[in-house]
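Trainee: Sharing a structure with you now.
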Amino acid sequence: LKSFVNIRPIWTDMCSNSCYAYTGNYKKLTKCPICKSDQYYYNKARKPC
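Residue numbering for the sequence shown follows our numbering, starting at 5 and increasing by one per position.
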């Protein structure tokens, strides 16, 4: 299938509760506007809530 279809993953920062994606105009937010939890940073030494 990979040789027929050019599909690649898009990595996006998410709320630690997976209720919000930090994309577009919202990619600079640090807290989720829905549940108010901190943004989960995969590449930093922060623990998810």
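C-beta: ideal position from N, C-alpha, C; glycine also.
Would you report the Cα separation of P52 and N21, rounded to the nearest angstrom?
Mentor: Confidence is the limiting factor: at P52 the pLDDT is only 47, short of 50, which leaves the residue's position unreliable, though a coordinate-based value still follows. Their backbone Cα atoms lie some 9 Å apart in a straight line.
Trainee: Given this structure, state the Cα-to-Cα distance separating Q43 from I14, to the nearest angstrom.
Mentor: Rounded to the nearest angstrom, the two C-alpha atoms are 17 Å apart.
Trainee: Measure the alpha-carbon distance for G28 versus K6 and round it to whole angstroms.
Mentor: Taking the straight line joining both Cα atoms gives about 28 Å.
Trainee: Of the choices I11, A25, I38, whose alpha-carbon is the least far from that of D17?
Mentor: The shortest Cα separation from D17 among I11, A25, I38 belongs to A25.
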